[in-house]
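In the working numbering, the protein residues as written are 819 to 1138.
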């Protein structure tokens, strides 16, 4: 199984501008409690990860906070540790009454994070973090010295947003900046990317400027089918058996890759496989790629939000 990788104490990196949201957010790639406490909320509260256990530090007042649990609210704990922090006062306009006496604060913060994930509000972080690698071709070209016999192929890694760092078998995402190494037989580039960096906007299907390799469109009766049309996507299923009605898949934006039951969304590039007969294509699309612009245009943000609330950790097999 691939694992995320880093090089020790994050605070030693003096080149990282902790005063910037993107700089702080990048420090949480290896935060051990990312499932309990949102990196997004920690960074917005002024914190960056020190690299020690679960300790975070405010870039402004330098207060440190640790021993996090899933009930914690980053801004509240920041205020408790350093009530006079200038960043809290200036950036968030927070007073004691805003945090200590407001029973609604946690709900508001959670709602905002949820809307950020699903595209309901605009993220102020600059994506992609490595813009010169937004082209899949550019990423693929970095693998010229990829270790012979490595269990994961360069084209799969490049398609999954990764480029080669030049060290061992370590790769990095052009969008979120996440690192992966230690690949094993049977690892899937997309699955590992999503497992270690589930909030990566590329993984979630947001438009982050990715330029995929040009792939031949499916040909039907000697002509190229336009995948942007329902008819073109439906044509891609001609002569193929699928556990889900092809019309339902095509209406949900998917076309057949020609491999088993694998389908891909023509807009966000999100891939799905291992379908069960009772699954709903729109629901699966919303579970795994909530930022897809086609999905949001066709079904609306309210629908996507409701699916995310019902299935916050979708279990369907995906690929791209």
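For glycine and all other residues, C-beta sits at the position ideal for the given N, C-alpha and C.
Suppose the cutoff is 7 Å on Cβ atoms and the five residues either side in sequence are ignored; what does the same chain contact list for residue i look like?
i            : result
residue 890  : 855
residue 955  : 1031
residue 917  : At residue 917, the pLDDT of 38 sits below 50, so the modelled position is not reliable; the number obtained from the coordinates is stated separately. Answer for residue 917: 893, 894, 897, 923, listed in chain order.
residue 877  : 836, 837, 842, 864, 866
residue 1099 : 1062, 1066, 1067, 1070, 1072
residue 958  : 972, 973, 976
residue 1122 : 936, 1104, 1108, 1113, 1114
residue 1118 : none
residue 991  : 979, 980, 1011, 1015, 1018, 1020
Which of the three DSSP states is assigned to residue i in this structure?
i            : result
residue 860  : helix
residue 845  : helix
residue 865  : strand
residue 958  : helix
residue 990  : strand
residue 875  : strand
residue 934  : Residue confidence is low: residue 934 scores 47 on pLDDT, short of 50, so the model does not pin down where it sits. Its coordinate-derived value is still stated next. Three-state DSSP puts residue 934 in a helix.
residue 836  : coil
residue 922  : Because the pLDDT of residue 922 is 34, which lies under 50, any placement of that residue in the model is unreliable, and the number read from its coordinates should be weighed accordingly. If DSSP states are grouped into helix, strand and coil, residue 922 belongs with coil.
residue 911  : Here the model assigns residue 911 a pLDDT of 40, short of 50, so the residue's position is not dependable, and the following value carries that caveat. Note: residue 911 maps to coil in three-state DSSP.
residue 1038 : Confidence in residue 1038 is poor, its pLDDT being 43 and thus under 50, which makes the residue's placement unreliable; the coordinate value appears in the next sentence. Note: residue 1038 maps to strand in three-state DSSP.
Name the residue from the options whose alpha carbon lies nearest to the alpha carbon of residue i.
i            : options                : result
residue 1129 : 1107, 1118, 951        : 1107
residue 862  : 894, 850, 887          : 894
residue 985  : 973, 1055, 888, 963    : 963
residue 953  : 875, 1028, 999         : 1028
residue 865  : 871, 846, 1061, 850    : 846
residue 1104 : 1092, 1076, 1080, 1072 : 1072
residue 1126 : 870, 949, 884, 1022    : 1022
residue 973  : 1006, 1000, 999        : 1006
residue 1088 : 1070, 1094, 1078, 1096 : 1070
residue 857  : 1116, 1016, 966, 1050  : 1016
residue 982  : 948, 868, 1009         : 948
residue 853  : 1076, 990, 1079, 1012  : 1012
residue 1009 : 997, 978, 990          : 978
On the DSSP letters alone, give me the boundaries of the alpha helix (DSSP H) that residue i sits inside.
i            : result
residue 1072 : Element bounds for residue 1072: not the alpha helix (DSSP H) but the beta strand (DSSP E), 1072-1074.
residue 897  : 892-899
residue 881  : Segment: none, residue 881 is in no alpha helix (DSSP H) and carries neither H nor E.
residue 1053 : 1048-1053
residue 1064 : 1064-1069
Using a Cβ-Cβ cutoff of less than 8 Å, which residues in the same chain neighbour residue i once the five nearest sequence positions on both sides are dropped?
i            : result
residue 1026 : 945, 946, 952, 993, 1019, 1020
residue 1177 : This structure does not reach residue 1177, given that the chain is present from 819 up to 1138, and the question cannot be answered.
residue 1048 : 1068, 1069
residue 904  : 878, 879
residue 965  : 986, 987
Keeping to the same chain, check which residues put their C-beta closer than 6 Å to that of residue i; ignore five residues upstream and five downstream.
i            : result
residue 883  : 874, 895, 899
residue 881  : 899, 900
residue 1095 : 1061
residue 1039 : A caution first: residue 1039 carries a pLDDT of 43, below 50, which makes its placement in the model unreliable, though a value can still be read off. So the list is empty, once near-sequence residues are dropped.
residue 1086 : 1023, 1107, 1110
residue 851  : 872, 886
residue 1093 : 1061, 1062, 1079
residue 960  : 981, 982
Could you check whether the Cβ of residue i sits closer than 8 Å to any Cβ belonging to chain B?
i            : result
residue 1004 : In the structure shown, chain B does not exist; there is a single protein chain.
Cβ of residue i within 7 Å of any heavy atom in the ligand GTP?
i            : result
residue 1099 : For the structure depicted, the ligand GTP is absent and the ligand set is empty, with no information on it obtainable.
(request) Return the chain-ordered ranges of every beta strand (DSSP E) run that is complete within the segment 1081-1128 and spans a minimum of 3 residues. (result) 1081-1083
(message) Extract the residue ranges of the alpha helix (DSSP H) inside the segment 967-1028, only unbroken runs of 4 or more that lie entirely within it.
(response) 972-977, 1007-1014
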